[in-house]
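Peer 1:
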Amino acid sequence: MTDTLATPQPEAAAPASGARQVWRRLRTRRSALAAAAVLGLLVLLALGAPLLAALEGQDPVTYHDTLVDSARGGVPLGSFGGAGAEHWLGVEPGTGRDLFARLLYGARISLFVALGATVVQVLIGVAVGLAAALGNRLLDSVLSHLTDVMVAMPSLVFTIALFAVVPSDFPRPVLLIVVIGLLNWGSTARLVRAQTLGLKKLDYVTAARLTGGSPWRVARRELLPALAAPVITYAAILLPSNVVIEAGLSFLGVGIKPPTPSWGQMLSSATTWFRADPMYVLMPSLLLFVTVLAFTVLGDGVRAALDPREASRLRVGRAGRRKSAATSPEGGAA
Amino acid sequence: MNGLAGYFLRRALGALAVVLVLSLVVYATFYIAPGDPARLACGPRCNPEQLRQVREQLSLGDPFYLQYWHFLQGLVAGHDYSTGTGVLHCTAPCFGQSYQSNQLVTDLLAERLPVTASLALGAMVLWLLLGIGTGLLSALRRGGATERVLTWLTLAGTATPVFITGLGLLMLFCVYLEWLPFPTYVPLADDPEQWAWNLALPWAALALLESAKYARLTRSSMLETLAEDHIRTFRAYGLTERAVVGRHALRGALPPVIALTAVDLGSMFGNAVLTETLFGLPGLGQLLVHATQTIDIPVVVAVVMVTGTAVVLANIVADVLYAVADRRVALR
Numbered sequence: 001m002t003d004t005l006a007t008p009q010p011e012a013a014a015p016a017s018g019a020r021q022v023w024r025r026l027r028t029r030r031s032a033l034a035a036a037a038v039l040g041l042l043v044l045l046a047l048g049a050p051l052l053a054a055l056e057g058q059d060p061v062t063y064h065d066t067l068v069d070s071a072r073g074g075v076p077l078g079s080f081g082g083a084g085a086e087h088w089l090g091v092e093p094g095t096g097r098d099l100f101a102r103l104l105y106g107a108r109i110s111l112f113v114a115l116g117a118t119v120v121q122v123l124i125g126v127a128v129g130l131a132a133a134l135g136n137r138l139l140d141s142v143l144s145h146l147t148d149v150m151v152a153m154p155s156l157v158f159t160i161a162l163f164a165v166v167p168s169d170f171p172r173p174v175l176l177i178v179v180i181g182l183l184n185w186g187s188t189a190r191l192v193r194a195q196t197l198g199l200k201k202l203d204y205v206t207a208a209r210l211t212g213g214s215p216w217r218v219a220r221r222e223l224l225p226a227l228a229a230p231v232i233t234y235a236a237i238l239l240p241s242n243v244v245i246e247a248g249l250s251f252l253g254v255g256i257k258p259p260t261p262s263w264g265q266m267l268s269s270a271t272t273w274f275r276a277d278p279m280y281v282l283m284p285s286l287l288l289f290v291t292v293l294a295f296t297v298l299g300d301g302v303r304a305a306l307d308p309r310e311a312s313r314l315r316v317g318r319a320g321r322r323k324s325a326a327t328s329p330e331g332g333a334a
Numbered sequence: 001m002n003g004l005a006g007y008f009l010r011r012a013l014g015a016l017a018v019v020l021v022l023s024l025v026v027y028a029t030f031y032i033a034p035g036d037p038a039r040l041a042c043g044p045r046c047n048p049e050q051l052r053q054v055r056e057q058l059s060l061g062d063p064f065y066l067q068y069w070h071f072l073q074g075l076v077a078g079h080d081y082s083t084g085t086g087v088l089h090c091t092a093p094c095f096g097q098s099y100q101s102n103q104l105v106t107d108l109l110a111e112r113l114p115v116t117a118s119l120a121l122g123a124m125v126l127w128l129l130l131g132i133g134t135g136l137l138s139a140l141r142r143g144g145a146t147e148r149v150l151t152w153l154t155l156a157g158t159a160t161p162v163f164i165t166g167l168g169l170l171m172l173f174c175v176y177l178e179w180l181p182f183p184t185y186v187p188l189a190d191d192p193e194q195w196a197w198n199l200a201l202p203w204a205a206l207a208l209l210e211s212a213k214y215a216r217l218t219r220s221s222m223l224e225t226l227a228e229d230h231i232r233t234f235r236a237y238g239l240t241e242r243a244v245v246g247r248h249a250l251r252g253a254l255p256p257v258i259a260l261t262a263v264d265l266g267s268m269f270g271n272a273v274l275t276e277t278l279f280g281l282p283g284l285g286q287l288l289v290h291a292t293q294t295i296d297i298p299v300v301v302a303v304v305m306v307t308g309t310a311v312v313l314a315n316i317v318a319d320v321l322y323a324v325a326d327r328r329v330a331l332r
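The listed protein sequences correspond, in order, to chains R and G. Under UniProt numbering, read the first sequence as residues 1 to 334, first letter to last. Under UniProt numbering, read the second sequence as residues 1 to 332, first letter to last.
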């Protein structure tokens with residue numbers, strides 16, 4: 001792999017300039033930039049969670065019995081869920097654990113699991129998609145059917161079910177990554193197969209094949225660089241859904257186990273508190289919503305920036321909007 | 001019509017194969033993988049003699065293919081269990097007995113299915129109305145402020161997990177406004193009015209999420225159809241805009257939406273699990289979550305098989321509807 005990177009290939013120039021062009025288009029979309037900024041901040045908050053919690057002088061696991069009203073079932077004392085100089089966002093009802101610290105540590109889990117699961121999905125999806133597109137008819141037929149089934153199946157139901165038999169002594173976040181990744185790669189494989197079939201017809205790939213390149217070599221040197229752009233876009237679409245899956249599983253009590261904080265789990269316990277302590281519902285909901293929205297907006301922006309047809313449509317749309325009724329034909333196949 | 005019948009038959013055979021493969025994978029995953037099913041079935045206070053009996057009853061000594069064959073037999077023809085005093089007949093599709101309650105899993109499913117069906121079908125009606133309406137509006141008001149607002153609304157809709165929408169609705173309508181009761185399930189046959197009132201919030205939560213997807217699809221499909229030649233011809237003939245859109249463009253734009261509705265059942269099941277848990281509705285989703293937490297394998301297997309089969313069936317229905325609605329589709 002290193003030799004490919006060290007010596008610039010002539011065909012590697014195309015994706016590079018493509019990336020620059022995509023970046024240029026992406027820069028003009030303010031919503032995508034704003035989303036990227038929000039996500040950047042979120043990643044910083046997650047990475048700096050121990051530091052920020054130390055700055056506040058709190059940690060996510062210590063109980064503060066004196067801060068909750070045991071006479072009223074453990075509702076935090078003070079207004080806004082006990083928010084103040086000591087506990088910036090208040091404390092958790094019942095236990096009095098610091099909400100700010102728990103939210104930050106929850107962000108770590110959420111982002112880590114979502115990113116990890118996306119990597120697993122992309123790896124499996126690219127492998128299966130490439131094998132289907134490059135293999136013989138039988139292999140293609142088997143893998144394509146498998147992919148269709150994976151796409152259609154109720155993956156959240158299967159994911160929940162799988163937690164009945166997974167080893168319980170395994171680190172939970174890693175387990176979540178593997179399970180979510182294993183059950184949700186179908187759409188990526190479908191995309192890679194379709195893209196590869198299109199690329200195979202291009203002259204430069206044919207040339208590489210005819211000059212005696214093995215399928216593996218063609219895949220690595222010619223196809224993978226060209227697949228990078230669509231796969232990265234698709235990964236940007238997978239990320240928010242993985243955030244939601246993790247939060248959903250933890251919400252149902254089959255994901256992250258206490259005392260590790262996670263947003264889904266906080267929301268689940270918030271369902272019993274929403275009358276007495278609305279703040280406790282609001283904070284994790286807001287964070288989860290902002291995260292998923294930012295990922296979705298960014299994914300939308302990257303997709304539009306990567307799609308030359310969409311980009312030209314936008315330009316035409318601004319100049320004369322009557323003319324531009326034609327959208328991408330893939331719209332119907334979503 | 002012969003073409004359509006043949007097409008349907010081929011699709012049905014393919015679906016049967018998928019269900020068969022699904023049953024094999026599910027059986028292998030949940031019964032063979034880790035843990036000892038007999039120990040789980042026997043419960044925490046289990047003496048060796050009971051354990052041996054359970055092992056015999058579940059025929060765990062048999063090789064894998066025989067065990068799987070028994071499982072399939074149970075699914076197709078039912079099963080008879082000896083309970084010591086008599087025989088317990090488990091009608092097809094038989095998934096065995098729950099490890100937790102010893103009830104027949106089939107009975108559990110029959111109890112829970114109406115709840116999930118009520119939730120799903122009601123929500124579907126709502127999201128189709130909402131989604132198609134929004135999509136049409138944003139396609140027809142293309143380029144204006146309406147379109148931009150609707151685009152952002154649908155984006156926010158897709159970005160909000162169903163349990164957050166649900167919590168928000170609960171807080172708004174049950175706590176602050178006190179317009180609606182906190183949902184409890186009332187069977188449709190008992191009291192249709194209470195049934196609907198209690199399900200209104202869960203329906204809304206599911207529909208808000210799903211309708212965003214439909215709004216996007218309807219919009220792009222509508223725009224595509226409006227750009228086609230035959231629509232231009234109708235316009236050139238001097239048909240009113242209302243007739244062009246309502247009678248002709250809509251007909252061309254709806255098949256993809258119909259197809260998605262059936263195919264979407266898969267992702268809908270996932271969100272139904274979350275919705276049921278949030279609102280405390282005793283449906284299949286709640287059953288699954290509870291069974292997963294208590295490692296009640298027969299129940300888990302049953303829910304997975306039922307939802308998987310439902311999705312496969314829905315896909316056939318979608319394909320057939322699509323083929324009927326849009327005769328341009330080649331029946332291959």
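By construction, the Cβ of each residue, glycine as well, lies at the ideal position given by its N, Cα and C atoms.
(1) Counting beta carbon pairs with one atom in the stretch 305–312 of chain G and one in the stretch 227–236 of chain G, are three or more of them shorter than 8 Å?
(2) Given a limit of 9 Å on CB to CB distance, which residues of the stretch 66–96 of chain G reach chain R?
(3) Anything in chain R within Cβ reach of G:Gly283, meaning under 7 Å, just list it in chain order.
(4) What residues are listed by DSSP as bridge partners for G:Leu88?
(5) Alpha carbon to alpha carbon, what distance is there between G:Met305 and G:Ser23?
(6) Please determine, among R:Leu252, R:Thr260 and R:Leu47, the residue with the shortest C-alpha to C-alpha distance to R:Pro173.
(7) If the cut is a Cβ gap below 9 Å, which residues of chain G does R:Leu51 touch?
(8) Would you list, in sequence order, the uninterrupted beta strand (DSSP E) runs of no fewer than 3 residues that lie entirely inside the stretch 236–292 of chain R?
(9) Tell me which residues of the stretch 168–188 of chain G have at least one Cβ-Cβ distance to chain R shorter than 8 Å, keeping chain order.
(10) Determine the contact status of R:Ile245 and R:Leu156, defining contact as a CB-CB distance below 8 Å.
(11) Beta carbon of R:Ser241, beta carbon of R:Leu267: below 8 Å?
(12) Would DSSP call G:Leu104 helix, strand or coil?
(13) Considering only heavy atoms of the ligand SAM, does any lie closer than 7 Å to the CB of G:Val273?
(14) With the cut-off set at 8 Å, would you say G:Gly283 and G:Leu208 are in Cβ contact?
(15) For a test of the three-state rule: what should DSSP assign to G:Gln286, helix, strand or coil?
(16) My parser needs the alpha helix (DSSP H) runs of 4 or more residues fully inside the stretch 158–243 of chain R; what are they?
(17) In chain order, what residues of the same chain lie with their CB nearer than 6 Å to the CB of R:Val126, ignoring the 5 residues before and after it?
(18) Can you find at least 3 beta carbon pairs, one from the stretch 110–121 of chain G and one from the stretch 274–294 of chain G, that sit closer than 8 Å?
(19) When you compare each of R:Ile177, R:Ala236, R:Leu306 and R:Arg217 to R:Leu293 by their alpha carbons, which one comes out closest?
(20) Run down chain R in chain order and give the residues with a C-beta less than 9 Å from the C-beta of G:Phe269.
(21) Using only alpha-carbon positions, find the residue among R:Phe251, R:Ala304 and R:Gly299 that is nearest to R:Leu288.
(22) Assuming G:Ala272 and G:Leu66 make a contact with CB atoms under 8 Å, what is their CB distance in whole Å?
(23) Beta-carbon within less than 6 Å of R:Ala117's beta-carbon, same chain only, minus the 5 sequence neighbours each way: which residues are those?
(24) Under the three-state reduction of DSSP, which class applies to R:Arg313: helix, strand or coil?
(25) With distances taken between CB atoms, is the gap from G:Gly131 to G:Ser211 smaller than 8 Å?
(26) Which of helix, strand or coil does DSSP assign to R:Pro76?
(27) Would you grab the beta carbon distance between G:Asn198 and G:Pro187 for me? Rounded to a whole angstrom, and I think it's under 8 Å.
(28) Is R:Arg313 close to chain G? Criterion is C-beta to C-beta, closer than 8 Å.
(29) Could you name the residues of the same chain whose beta carbon sits closer than 6 Å to that of R:Ala46, not counting the 5 residues immediately before and after it, in chain order?
(30) Please list, in chain order, all residues of the same chain as G:Thr225 whose beta carbon is under 7 Å from its beta carbon, the five residues on each side excluded.
(31) Counting only Cβ pairs nearer than 8 Å, list the residues of chain R close to G:Asn315.
(32) With DSSP run on the structure shown, which of helix, strand or coil describes R:Val91?
(33) Say whether chain R places a C-beta atom closer than 8 Å to the C-beta of G:Thr154.
(34) Any idea what DSSP makes of G:Gln97, helix, strand or coil?
(35) Along the alpha helix (DSSP H) that carries G:Glu210, what are the first and last residues, could you check?
(36) Excluding sequence positions up to five away, which residues of its chain have a Cβ less than 6 Å from the Cβ of G:Val18?
Peer 2: The short version:
(1) no
(2) none
(3) Residues of chain R with a Cβ closer than 7 Å to the Cβ of G:Gly283 do not exist, since the nearest Cβ in that chain sits about 12 Å away.
(4) G:Tyr81
(5) 7 Å
(6) R:Thr260
(7) Chain G residues near R:Leu51: none, gap ~28 Å exceeds 9 Å.
(8) none
(9) Gly168, Leu170, Met171 and Val175
(10) yes
(11) The Cβ atoms of R:Ser241 and R:Leu267 do not sit closer than 8 Å to each other.
(12) strand
(13) As presented, the structure is devoid of all ligands, the ligand SAM included, so that no description of it is given.
(14) no
(15) helix
(16) 172–183, 186–200, 203–210 and 215–218
(17) Val192
(18) yes
(19) Of the candidates R:Ile177, R:Ala236, R:Leu306 and R:Arg217, R:Ala236 places its Cα closest to the Cα of R:Leu293.
(20) Pro154, Leu156 and Val157, listed in chain order.
(21) For the set R:Phe251, R:Ala304 and R:Gly299, the Cα lying nearest the Cα of R:Leu288 is the one of R:Phe251.
(22) Contact doesn't hold; Cβ gap of about 36 Å is too wide.
(23) Ile177, Ile180, Gly181 and Asn242
(24) With a pLDDT of 46 at R:Arg313, under the threshold of 50, the predicted position of this residue should be treated as unreliable, though the coordinate-derived value follows. Here R:Arg313 sits in helix by DSSP.
(25) yes
(26) strand
(27) That pair is no contact at about 10 Å.
(28) Any reading at R:Arg313 needs caution, since the residue's pLDDT is 46, under 50, leaving its predicted position unreliable; the model's value is listed next. Answer no: the Cβ-Cβ gap between R:Arg313 and chain G never drops below 8 Å.
(29) Hits under 6 Å: Ala107, Arg108 and Leu111.
(30) Ile231, Ala249, Gly252 and Ala253
(31) Ordered by position in chain R, the residues that pass the 8 Å Cβ test against G:Asn315 are Ala152.
(32) strand
(33) no
(34) strand
(35) Pro192 to Leu226
(36) Val312
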